[in-house]
Every structure is written in structure tokens, then in C-alpha cells.
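Residue numbering for the sequence shown follows our numbering, beginning at 94 and increasing consecutively. Worksheet for the structure shown next.
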Amino acid sequence: MKWIKKLLGRKEDSSEKTDFKEISFEDLPTWLDTRSQKISSGVEKDVSGLLREFEVSLSALNESNKRLAEARVEGNFDIRAVKRAKSNRENVTKQVTTLIDKIKVQENKDFRALESFYATATQNLDTCLENMNRSFRYTRVVFPEESKEVSESLASLGKVFNELREVILVNKKEMDAIEAAYSDINEVEELFASIAANELELESRNQKIQVLKTETSDASQALEDFRKGTAWQNLQRLQAEITEAEEKLSKAEAGLSSLILPLSGHLSRIKKLHESGRYTLKPEIKKQLDICLEDPTKVDPSFLPELQKIFEDNTLDMQTQKKEKALLQVKAAISGFLERKKEYLEALQEFGTKKAEIESSDTGKLTELEHKEAELLSRISLLEEDAQDSKKKLAALREELEQRKEKLLASISLIGSDIKINFGL
């Protein structure tokens with residue numbers, strides 16, 4: 094469009110230019126104060142004449158109300174109509190007096206004070222008219238002139254209120270926008286402060302995370318160095334040796350127990366016979382029998398020959414076939430028991446020696462380093478979770494800030510369409 098006008102030699106219409114006035118966010122309250130004061134001053138100037146008219150109308154209403162209250166009946170009226178008119182006149186004058194008392198103009202004449210005055214006054218006027226309407230119909234029949242004066246005074250007062258309403262409505266939209274802008278400014282300032290505080294908090298957490306990561310790296314390096322050292326190598330060797338010794342002990346224990354376990358059923362039979370009194374065992378033999386049933390590795394070698402004698406005893410109540418089988422098992426146990434017992438005891442001693450060595454080795458340093466590394470990693474994890482929550486909160490605050498900015502801009506556009514706000518961010 095501009096190049097067409099230049100081609101035709103036309104000048105650009107000044108009305109097409111849009112010159113924006115930029116106001117910093119910090120200066121916005123001052124600018125709004127100025128606009129508000131300007132509106133209030135203009136409104137106060139505009140309504141000064143109306144308020145004088147209001148005082149005149151109010152005074153006239155007061156005088157006409159007094160005349161109605163003091164009026165005498167003139168003319169011939171039915172006595173019942175006169176009586177009804179007088180009783181209703183009291184209500185009319187009472188309602189008007191109440192109205193006059195309630196709608197005094199206050200000294201404060203700024204926009205909001207006038208708006209409040211108008212709202213209260215018109216509400217009181219409506220209440221007055223509603224409460225006196227029915228009574229007025231009876232009053233004006235007997236007191237026509239005085240009632241007419243009251244009616245005209247009320248109408249005059251209503252006319253002043255209507256004109257005051259027009260002045261208020263002309264400026265209300267901008268004044269509402271100014272108040273909304275004040276509220277929006279407070280919200281934006283609070284959001285700015287919240288965002289700044291949360292950014293500092295997030296930065297502090299990130300710094301702590303970096304410090305902890307450095308400490309963790311040092312702790313991990315110390316742990317790695319320890320594991321490459323002699324103490325760690327010795328510990329690893331001992332752990333391997335104790336595992337081997339444990340397996341050897343387990344194998345020796347199984348070998349020794351395998352000689353005794355086949356006899357467990359026969360031993361249980363002998364124990365029951367003893368407990369029932371059908372066969373008598375010597376106390377030391379009974380004790381060895383119990384040990385044999387509970388833990389075969391602790392059996393005394395001397396018990397097996399005694400056990401052989403028991404199975405050979407004809408008084409033992411046991412089937413011949415089972416006795417023969419038991420004797421074979423006992424003889425097999427006797428022949429191999431000493432060797433396997435020796436293997437077991439040697440394996441047990443070796444396991445005990447290795448266990449004592451590993452318990453006496455310095456594993457405290459390893460535990461300390463592992464604990465420190467784990468603790469640092471845990472603290473980092475918690476801080477990273479907090480940092481993530483802070484980021485989400487910041488994102489929500491920034492989104493809310495943009496919404497508040499848009500709301501503030503919308504309010505400002507109602508006050509001045511050529512205003513731009515520099516938020517300084």
C-alpha cells in the first residue's frame with residue numbers, strides 16, 4: 094500500500110501511523126496513578142454542577158415533604174378518604190425523610206467515592222419509591238398540590254442521578270481497567286520474585302550436585318585404588334581360600350555322615366526299646382546314641398564297637414535279617430570312620446583358620462570407602478530429584494507469568510491502545 098501511494102505521489106496519512114509509547118514495568122504504577130488522578134479530577138469537575146443541582150433538589154424535596162406533612166385538607170372529601178390519606182401521608186413523609194438522611198454527599202469526591210455514593214443513593218431512592226408507592230396514591234387524592242411537589246422533587250433528584258450515572262459509566266471502563274492493572278502488576282511482581290527465588294534455589298542445588306559429583310569421583314577413585322592395592326588382593330585371596338575350605342569341609346562332613354546315616358533307623362529303634370524298658374543301655378552308650386542321631390560328626394569312634402556288640406546281643410528285640418544288615422553297616426562304618434573323621438577334623442581346622450584370617454584382615458577401609466561412595470550417590474540422586482521438581486515449578490511459574498503479562502497488557506490496552514510495556518526481561 095505504501096509503495097502504491099509513493100508511486101501516485103500521495104503522502105502517507107498521519108492517521109495511518111501508529112506511534113507506540115513505551116513504559117517500563119517499574120514506571121507503570123506511576124503512570125496508572127497519573128491516569129487515575131486525571132480521571133478522578135475530570136469526574137469531580139464534571140459532577141461539581143450536578144452535585145450543586147443535587148443539593149438544590151434535595152433541599153426542594155425536604156421543603157415539599159414538610160409542606161405535605163403540614164398540609165390541611167381543603168375541599169369536600171369523604172371522611173374515610175381523608176382518614177386514609179392522612180395515615181398514608183405519614184408513611185410517605187417518613188420514607189422521604191429517611192431517604193434525605195441517607196443520601197448526604199461526602200467530602201471525598203474521587204471516582205470510586207462518587208460511584209459508591211451513586212450506587213447507595215439510587216438504591217435508597219428505589220427503596221423509598223417502592224415503600225411509598227401505594228401510600229402515595231391515597232395521599233395525592235386529598236393533598237394533590239403538595240403531593241405533586243414531592244413527586245416533582247423526587248423526579249428532579251432522579252434526573253440528577255441519571256446524569257451522574259452517565260458520567261460514571263463514561264469513565265468506569267477505564268477505572269476498572271486501572272484497578273485490574275494494579276492487581277495484575279502485583280501478581281506479576283510476585284511471580285517475578287518467585288521465579289528469581291526458585292532460580293537461585295535451583296542454581297544452589299546444581300552447585301551442590303557438582304560439588305558432590307566431584308567428591309563422588311574422588312571417593313570412587315579411592316575405592317578403585319584400594320581394590321588395586323595389596324590389602325584388597327589379600328582379601329580376595331582369603332575369600333577364595335575360605336570358599337574352597339568351606340566346600341572341602343562340606344564334602345568331608347557328608348562323607349563322615351554317610352557312614353552313620355544308614356544306621357539312623359536302627360538307632361531310633363534301639364532308643365525306643367530303651368525308653369520303653371525293653372532293652373537297657375548304659376548311660377554313656379545312651380548319650381553317644383543321642384549324639385549319633387543328632388550330629389554324626391561328633392560321634393566318638395569308641396561308640397561304634399559298642400554299637401556292634403548291641404546288634405550282636407541276642408536279647409535285642411530286632412528281626413534277624415535287620416540285625417545282620419545293621420551289623421554289616423556298623424562294620425563298614427568302623428572300617429572307614431577313623432579316616433573320614435580325620436579328614437573332617439582337618440577340613441574343619443583349615444576352615445576355622447581361614448575364617449580367623451579373614452575376620453582379622455583390615456576390611457574396615459573397604460567398608461568405609463563403599464559406604465562413602467553409596468552415601469554420596471544417594472545424596473546426588475535426592476538433589477537431582479529436587480532439581481527436577483524445581484525445573485517443573487519454574488516452568489509452571491514462567492507459564493503463569495506469561496498469562497499474567499497478557500492479562501496486564503489487555504487491561505492496559507483498555508486504558509491506552511498506544512501503550513507498550515517493557516518488562517525488562
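Positions of the beta carbon are idealized from the N, C-alpha and C atoms, including for glycine. Because the structure is a prediction, the values reported are computed rather than measured.
Not a single unbroken stretch of the beta strand (DSSP E) spanning 3 or more residues falls wholly within the region 300-330. With 16 or more other Cβ atoms from the protein chains shown falling within 10 Å of its own Cβ, residue 389 counts as buried. Cβ atoms of residue 302 and residue 476 come within 8 Å of each other, at about 5 Å. With a cutoff of 7 Å on beta-carbon distance, residue 287 and residue 490 are scored as near each other. One Cα belongs to residue 386, the other to residue 415, and the distance between them is close to 18 Å.
A distance of 7 Å or more separates the beta carbons of residue 157 and residue 281. Counting only residues of its own chain and dropping the five nearest sequence neighbours on each side, residue 124 has a CB closer than 6 Å to the CB of 116.
For residue 513, the secondary structure class from DSSP, reduced to helix, strand or coil, is strand.
As for any alpha helix (DSSP H) of minimum length 4 sitting wholly inside the region 342-379, the runs are 357-368, ordered along the chain. Residues 192, 195 and 196 of the same chain have their beta carbon placed closer than 6 Å to that of residue 217, with the five preceding and five following residues left out of the count.
Between residue 316 and residue 462, the gap from beta carbon to beta carbon is short of 7 Å. For the options 400, 481, 160 and 495, the alpha carbon positioned closest to that of residue 362 is the one of 400.
In the structure shown, the three-state DSSP call for residue 435 is helix.
Residues of the same chain with a CB within less than 8 Å of the CB of residue 222, apart from the 5 flanking positions on each side, are 247 in chain order. Just so you know, the alpha carbons of residue 131 and residue 264 end up roughly 11 Å apart.
When rounded, the separation of the alpha-carbon atoms in residue 478 and residue 289 is 20 Å.
Between residue 245 and residue 164 the beta-carbon gap is near 15 Å, outside 8 Å, which marks them as no contact. In this structure, the CA atom of residue 174 is about 7 Å from the CA atom of residue 235.
With fewer than 16 other beta carbons inside 10 angstroms of its own, residue 279 counts as exposed. In the structure shown, residue 484 adopts helical secondary structure according to DSSP, grouped into three states.
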